[in-house]
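Protein chains in written order, with my numbering: chain A, 1 to 345; chain B, 1001 to 1155; chain C, 2001 to 2296.
Just so it is clear, CB atoms sit at the ideal spot from N, CA and C, and this is done for glycine as well.
Please read all numbers here as calculations on a predicted model, not as lab measurements.
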């Protein structure tokens, strides 16, 4: 008879595959993604760095011509600054959507491609088993992607610095907040873990990416609407501090709410025009324009009441957001692992 | 079966005819016996290693082992563990007087068949069928007869 | 040791049973051919054995007493799937490294030696290899793990005859060298006689025939009778009857090996290919078997 290699009845102890080996698998399997992310980081990072330097330089040039604007000459220079660097154009929305895009595109193929191409019949029948395979293939790249987006978030915050300082933008603003600090890490993780789960459920990459991004986008919208109300807003009589997120405001006269048009017409009589970031005099008024329209209005009983979130709550909001995002991500990942374990073709 | 002029290993290489209808292991047995009859294999020669046969012909190693066991059973070969399978006896051809006897008894049978109305093709079909059934019933006697005629013994 | 042992094993998808009441004992040291038409349940059974599927009913153990899909079972079973899945973008060397890193034991020297013998360049991408080379690569990767059981799901389906021969030669050599047991699912009845010494025949999710080839051949005869077909007979069970003019040919299964055959009946042995074909014909309802085989 053919000689059989002596076989034990059952392998009582199986020593696990060394971590070093799984590390190689994690790297090689995601090598292309890492390179892609690196290229993205380099490209976007360079862009943010270059434009950031420009913004900082231009801001320094302004000197004292920052809001509140008092002279017309300063207003001209300030307007020029805002027109040059304040409008973020397309990059603003792009940066907000980026964690969702990156997360979905990186996450969906991790399991989805494996199932779509059928190569799981190879990888899930190797000695290491499908669970450790999944850990190696999913977790390191998830951490790396989130960290990378976090680094980009730092650059975004640095670039926005001057505008924030001048009060022309707020950190709590819905288009800025999720791209900076630790929230951006959370949003990336959420998109990625949703993508992994979607890839497992769809067993195809393209529908997984699309559905993940759509769901993520919906959640992001919802979050931006709910975010200002995470904590009870503060109210102020008159202008809130610089950098606050203005949630709502209304004029009052002697404590009772009045319409803004009423206030505007009062100002018209003294030749002052009301604007978002200040007031300006214009020719054609009756009496000479008062030097401080706010004082003039308050003398007449008009006070603007603001409901706002102060800038000082930025980090509190950031940690709150990160917490529930990470929690949701962990739930999604846990579900993914549980489904992988149970999967029976 | 082809001849191999290599110094080590077996003098013959086994082949396979997939369309012959003869079971694989039997083909191997017949090739070895044919080589013995024609003198290409002598007692002491080594049969091809199982691994080599299997790698070249893409057949099941158990089949090769079965063929070698059959040869052992017939007393023609014996396996030496760890070394291989070696020829133990030679198959001398049937002697002339025996051939003559067989031929005359065959003539008698052919007369009977002709009398019964069997034509040439019918004879061939009957012989073919009988040959196929024959190993089922008397392989033991045939084996014994072959062992008797192999007078050479191990060289 | 039994490499596969099942008891009333079944797998259901929705309301359809792809495999049912499957009770098998496959001993080690053999090449077991899994034969049957498409949809017979071969791949279903294989997926259960290698742990990609879980049973809907019954029990299944592999390599003695191991649970399929458990780490010791995964360790001891090598698998090459249909369509030979590999990472097409990986180089051959990468596939070797990947397989090495996904397993506890891996014989890198064996793998490199085999690939060199096959003239497969380590730097080529797996996707650029020919079908035959890809199949050989997958086989090499599986065998380098020195598994105790090698499971092959029609890996030669799309290979030309030469590539197929080389593939099977590698499998057989591994059996001779390593003592690995093989379970091979195949459409090719014509190669059964050469390669299989154990047969499992499936049709419509059920086992129709199962056992060592030698035993199966000893149990069956092709009986030619002048009279009409005899549906019941003390000596045998009829598998298939073919009427041809005045003669009737019947493939029968003897009730016992030493049964005395009636006088005047022409009974000859059958080959394994003929036997398999007959069982498949008789058990498939209406649809002709999609099988290749030499026809006499």
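Contact under 8 angstroms by Cβ, residue i with residue j
i	j	result
residue 2106 of chain C	residue 2144 of chain C	yes
residue 2050 of chain C	residue 2024 of chain C	no
residue 320 of chain A	residue 252 of chain A	no
residue 1106 of chain B	residue 1037 of chain B	no
residue 2102 of chain C	residue 25 of chain A	yes
residue 2195 of chain C	residue 1059 of chain B	yes
residue 337 of chain A	residue 131 of chain A	yes
residue 212 of chain A	residue 195 of chain A	yes
residue 2040 of chain C	residue 2204 of chain C	yes
residue 170 of chain A	residue 255 of chain A	no
residue 2149 of chain C	residue 2063 of chain C	yes
residue 2239 of chain C	residue 2282 of chain C	yes
residue 318 of chain A	residue 183 of chain A	yes
residue 2016 of chain C	residue 2060 of chain C	no
residue 156 of chain A	residue 179 of chain A	yes
residue 121 of chain A	residue 2081 of chain C	yes
residue 162 of chain A	residue 59 of chain A	yes
CB contact check: residue i to chain B, cutoff 8 angstroms
i	result
residue 2118 of chain C	no
residue 2153 of chain C	no
residue 2291 of chain C	Low confidence applies to residue 2291 of chain C: its pLDDT is 37, below 50, so where it sits in the model is not reliable enough to give any reading.
residue 2210 of chain C	no
Residues that residue i bridges to, as DSSP identifies them
i	result
residue 2022 of chain C	C/2009
residue 2212 of chain C	C/2198
residue 247 of chain A	Answer is none; residue 247 of chain A lacks a bridge partner.
residue 346 of chain A	The shown model of chain A, from 1 to 345, leaves out residue 346 of chain A, and the question about it has no answer.
residue 2048 of chain C	Residue 2048 of chain C is not bridged to any residue.
residue 2059 of chain C	C/2007
residue 50 of chain A	Answer by DSSP bridge pairing: none, since residue 50 of chain A is not bridged.
residue 390 of chain A	The structure shown does not extend to residue 390 of chain A, since chain A is modelled only from 1 through 345, so no value can be given for it.
residue 2149 of chain C	C/2077 and C/2181
Cβ of residue i within 8 angstroms of any chain C Cβ
i	result
residue 338 of chain A	no
residue 204 of chain A	no
residue 193 of chain A	no
residue 1056 of chain B	yes
residue 345 of chain A	yes
residue 1011 of chain B	no
residue 25 of chain A	yes
residue 4 of chain A	For residue 4 of chain A, the predicted structure reports a pLDDT of 39, less than 50, and the residue's modelled location is therefore unreliable. A value from the coordinates is still provided. By this cut-off, residue 4 of chain A is an interface position.
residue 1060 of chain B	yes
residue 129 of chain A	yes
residue 167 of chain A	no
residue 141 of chain A	no
residue 1063 of chain B	yes
residue 21 of chain A	yes
residue 11 of chain A	The predicted model places residue 11 of chain A with a pLDDT of 46, which falls under 50 and marks its position as unreliable; any figure quoted below should be read in that light. Closer than 8 angstroms: yes.
residue 35 of chain A	no
Chain A contact for residue i (CB, 8 angstroms cutoff)
i	result
residue 2267 of chain C	no
residue 2025 of chain C	no
residue 2287 of chain C	At residue 2287 of chain C the pLDDT is 37, less than 50, meaning the model places this residue with poor confidence and gives no usable figure here.
residue 2054 of chain C	yes
residue 2139 of chain C	no
residue 2094 of chain C	yes
residue 2068 of chain C	no
Below-8 angstroms beta-carbon distance, residue i vs any chain F residue
i	result
residue 2279 of chain C	The structure shown contains no chain F; its protein chains are A, B and C.
Task: the stretch 2139–2158 of chain C in contact with the stretch 2183–2190 of chain C per 3-pair CB rule at 8 angstroms - done: yes
Open item on the list: Along the stretch 2161–2195 of chain C, where does the CB come closer than 7 angstroms to a CB of chain B? Name the residues.
Closed with: 2165, 2168, 2169, 2172, 2173, 2175, 2176, 2177, 2193, 2194 and 2195
- [ ] Determine which residues of the stretch 1109–1137 of chain B have a Cβ less than 9 angstroms from any Cβ of chain C, and write them out in chain order.
- [x] Cβ contacts with chain C: 1129, 1132, 1133 and 1136.
- [ ] Report the residues of the stretch 2097–2111 of chain C with a CB closer than 8 angstroms to any CB of chain A, ordered along the chain.
- [x] Of all residues in the stretch 2097–2111 of chain C, those with a C-beta nearer than 8 angstroms to a C-beta of chain A are 2097, 2098, 2099, 2100, 2101, 2102, 2103, 2104 and 2105, reading in chain order.
Open item on the list: Give me the subset of the stretch 2027–2051 of chain C whose CB atoms are less than 8 angstroms from a CB atom of chain B, sorted by chain position.
Closed with: 2029, 2030 and 2031
Open item on the list: For the stretch 2219–2228 of chain C against the stretch 2201–2209 of chain C, do three or more pairs of beta-carbon atoms, one drawn from each stretch, fall closer than 8 angstroms, so that the two count as touching?
Closed with: no
Task: Inter-stretch contact (C-beta, 8 angstroms, three-pair minimum) for the stretch 2106–2121 of chain C and the stretch 137–145 of chain A - done: no
- [ ] Using a Cβ-Cβ cut-off of less than 7 angstroms, list which residues of the stretch 1037–1053 of chain B approach chain C; keep chain order.
- [x] 1050 and 1051
Task: Stretch-stretch touch, CB-based, cutoff 8 angstroms, three pairs: the stretch 2086–2100 of chain C with the stretch 2052–2064 of chain C - done: no
Task: Touch test, the stretch 233–253 of chain A against the stretch 298–312 of chain A, Cβ-Cβ under 8 angstroms, three pairs minimum - done: In short, these stretches touch, since the Cβ pair count reaches three.
TODO: Select from the stretch 1013–1027 of chain B all residues with a C-beta closer than 8 angstroms to any C-beta belonging to chain C, and list them in chain order.
DONE: 1016, 1018, 1019, 1021, 1023 and 1024
Open item on the list: Contact between the stretch 318–333 of chain A and the stretch 113–131 of chain A is defined here as three or more beta-carbon pairs at a separation below 8 angstroms; is this criterion met?
Closed with: Contact between the stretch 318–333 of chain A and the stretch 113–131 of chain A is absent, because fewer than three Cβ pairs lie under 8 angstroms.
- [ ] Report yes or no: do three or more beta-carbon pairs, one from the stretch 1016–1035 of chain B and one from the stretch 1070–1078 of chain B, lie closer than 8 angstroms?
- [x] yes
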